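The structure appears right after this line, and notes come after that.
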């Protein structure tokens with residue numbers, strides 16, 4: 435068990451991605467750089483309000499070659515996709531309490547980048563998201579979401 | 221607007237290149253809003269930009285003129301702006317900070333029906349619900365759910381379907397299934413790609429009047445009620461159904477604001493400069509030649525915001541690399557229908573008989589005059605496609621209710637707009653000149669039927685037929701105001717032809733950036749913005765507009 439967003443937690447996620455044998459079958463060739471901007475809000479105890487976590491995920495030929503916390507946001511040339519939203523939403527998704535597709539559709543997690551690519555590789559995207567949801571063994575030492583609010587069950 | 225040409229730059233004012241030719245990094249053909257948008261972004265990226273426009277002013281369809289009498293400002297073409305605040309250009313180009321002003325009328329739209337009832341769409345969703353509930357409580361609840369759902373994902377849909385390279389319909393429907401949209405959405409489902417808007421409405425709504433109003437709303441957006449597949453875009457339309465905005469001072473203000481932004485960043489707009497051909501050397505676009513014989517050098521790119529027929533057929537007539545495209549010109553799709561407009565100077569605002577049912581109709585902006593059933597709209601589409609003049613059910617708008625600057629004190633401007641055949645009786649488009657006066661009278665009579673005081677309120681009128689549209693804006697062949705039919709097989713990655721769908725052309729560094737391209741016409745800024753993404757990739761430009 436590792437604390438959400440910790441180095442060990444990210445390593446666990448990377449390992450899950452790389453242990454999925456079907457991912458390379460769905461992945462396009464080449465390097466795809468994904469940036470998760472997890473924005474501190476008043477609810478999450480893991481990301482201070484007015485601060486953000488910058489997670490960088492690199493997928494190369496369907497394999498995770500980088501998954502780490504960055505010091506700041508990457509430049510626009512250094513990423514292909516950005517997912518951003520309140521920390522509490524990302525945490526609810528990680529805890530299996532919030533459906534990630536709903537979070538994206540409803541705009542709680544903003545998605546930017548080549549949307550056509552996301553649609554063309556919907557199966558890949560879904561597999562990676564599914565790994566994030568529920569399968570990551572997460573420790574919640576400062577409390578588990580939802581933080582006083584109602585959780586929206588993941589599908 | 222007319223008389224505003226002094227704001228644009230004539231070619232003699234521009235600095236010449238070293239060899240005596242005008243020279244720019246980027247040469248853009250056509251100063252409609254897409255050409256100006258692309259130019260403004262490129263100028264902000266540090267490129268020198270020259271935009272060349274055949275007409276005497278910038279703006280293309282964003283033209284505002286005193287068509288009837290002095291002091292009455294009429295939006296000749298684009299009147300309804302529905303992407304205000306949604307299009308990235310508003311944010312990136314700081315358009316509202318440039319003094320551009322919009323008003324979003326509280327009563328956005330209304331239908332008045334033959335039985336004296338009425339229905340209003342308000343900016344306040346609860347008031348819309350109350351209005352629909354007077355006709356059908358069930359439909360009011362359904363509409364509330366539809367609007368709430370569409371609003372939740374409108375940003376994502378805009379990003380996916382409008383402000384990015386086009387996606388394929390097969391990829392789209394596959395993704396809808398993969399992400400389980402059918403299960404999580406009441407309204408958005410993969411089978412919509414095989415449905416008409418009429419079928420979507422029949423599936424979800426019960427009242428003829430409510431369905432007619434929603435079909436009317438889609439029709440003004442260019443979406444035919446009976447065209448198979450267009451239902452898939454309907455939720456997106458509903459997501460912005462309450463974002464109809466009026467550009468204060470006339471639609472041309474938007475064009476002028478774009479022009480000002482371009483000029484502030486070093487760009488130039490050259491009016492009354494018709495382009496004769498695109499210069500190509502070694503397979504690469506290197507400039508343009510004007511009809512007066514002068515050449516303009518393009519050091520990095522040429523972008524055409526005009527239609528494919530002119531770009532490929534006329535401007536590249538001698539270029540061998542586009543011969544295959546020229547042969548495919550006949551495959552370019554234009555609708556058989558267009559718009560017939562009657563612009564009016566009025567001594568008073570309309571007072572609708574249906575105000576007795578709902579007083580808010582007198583405060584509404586976009587009016588549906590009499591479409592009471594979806595079948596009424598389908599009949600009009602059918603008539604238009606067959607070259608017959610439909611019994612008028614025009615939409616009406618009185619901009620002066622919200623912008624007192626567009627008419628003298630105490631007076632009003634009015635606009636009536638009707639779906640019509642591009643070529644009446646399937647004759648030539650010029651045959652409109654023979655029937656327009658009588659048809660305009662019929663349109664005004666329809667308005668009088670619903671607003672009796674209009675009979676004595678008309679001071680002057682001016683007519684704009686599909687033929688007039690084509691004469692003024694040659695880009696809009698056969699009065700095709702969307703510059704390419706809105707049909708599922710002529711949208712997304714099929715528009716305007718698969719070979720041109722990604723904004724590039726067979727000629728290196730020649731791009732298409734106008735309404736021929738995905739997504740379509742209307743004041744979306746999207747073709748220009750999307751072409752920018754491709755150009756930025758090819759020229760290795762710093763994408764300062766991304767991720768902000």
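Chains as they are written, first to last, in my numbering: chain A, 435 to 589; chain B, 221 to 768. We treat Cβ as the ideally placed atom computed from N, Cα and C, and that holds for glycine. Source: prediction; values computed, not measured.
If the five residues before and after residue 362/B are omitted, its C-beta is found closer than 8 Å to the C-beta atoms of 424 and 425, all from its own chain and listed in chain order. Apart from the 5 residues on each side of it in sequence, residue 525/A sits with its Cβ closer than 7 Å to the Cβ of 438, 478, 480 and 579 in its chain, given in chain order. DSSP, reduced to helix, strand and coil, places residue 377/B within a helical segment of the structure shown.
In the structure shown, residue 468/A adopts extended strand secondary structure according to DSSP, grouped into three states.
Taken in chain order, the complete alpha helix (DSSP H) segments of 4 or more residues contained in the stretch 491-558 of chain B are 543-547. Counted as a single uninterrupted DSSP element, the stretch harbouring residue 559/A is not any beta strand (DSSP E) but the alpha helix (DSSP H) occupying residues 556-566. Under the three-state reduction of DSSP output, residue 641/B falls in the strand class.
DSSP places residue 634/B in the strand class (E or B) of the three-state scheme. If one requires a minimum length of 4 residues, the alpha helix (DSSP H) runs lying completely within the stretch 605-685 of chain B are 652-670 and 674-677, in chain order.
DSSP places residue 579/B outside any alpha helix (DSSP H), giving it a letter other than H or E.
With its beta carbon at least 7 Å from every one in chain B, residue 500/A lies outside the interface. With contacts defined as CB atoms closer than 7 Å, residue 601/B and residue 312/B fail to qualify as a contacting pair. Listed by position along chain A, the residues whose Cβ is nearer than 7 Å to that of residue 376/B are 538, 539, 541 and 545.
In this structure residue 474/B does not touch residue 494/B by the C-beta definition: roughly 24 Å separates them, more than the 8 Å allowed. For residue 503/A, the enclosing beta strand (DSSP E) begins and ends at 497-504. Annotation: residue 408/B to residue 557/B spans about 28 Å, alpha carbon to alpha carbon. In summary, no residue of the stretch 515-542 of chain B has a CB separated from any CB of chain A by less than 9 Å. A residue is called buried once 16 or more other Cβ atoms fall within 10 Å of its Cβ, and residue 697/B is buried on that count. For residue 399/B, the nearest beta carbon of chain A is closer than 7 Å to its own beta carbon.
Straight-line measurement puts the Cα of residue 544/A at about 5 Å from the Cα of residue 518/A.
At a cut-off of 7 Å between C-beta atoms, residue 522/A does not count as an interface residue with respect to chain B. Rounded to the nearest whole angstrom, the CA to CA distance from residue 378/B to residue 456/B is 8 Å.
Beta-carbon to beta-carbon, residue 649/B and residue 610/B are separated by about 17 Å, too far to satisfy the 8 Å threshold.
Among the residues facing chain B, residue 554/A is included, as its CB has a counterpart in that chain under 7 Å away.
Ranking 385/B, 755/B, 594/B and 347/B by CA distance to the CA of residue 430/B puts 594/B first. Closer than 7 Å to the CB of residue 395/B there is at least one CB belonging to chain A. Interface residue (Cβ-Cβ distance to chain B less than 7 Å): residue 506/A is not classified as such. Following the DSSP letters along the chain, one finds residue 494/A inside the beta strand (DSSP E) bounded by residues 486-494. Looking at the DSSP output, residue 467/B sits in a beta bridge with 322/B.
Inter-residue distance for residue 604/B and residue 550/A is about 35 Å (C-alpha atoms, whole angstroms). Going by beta carbons, residue 617/B and residue 327/B fall outside the 7 Å limit. Closest option to residue 428/B, judged by alpha-carbon separation, among 321/B, 590/B and 261/B: 590/B. According to the DSSP assignment, residue 460/B belongs to no alpha helix (DSSP H), since it is labelled neither H nor E. For residue 365/B, the secondary structure class from DSSP, reduced to helix, strand or coil, is helix. Counting of Cβ neighbours within 10 angstroms places residue 435/A among the exposed residues, the total staying below 16. Residue 535/A has a beta carbon lying within less than 7 Å of a beta carbon in chain B.
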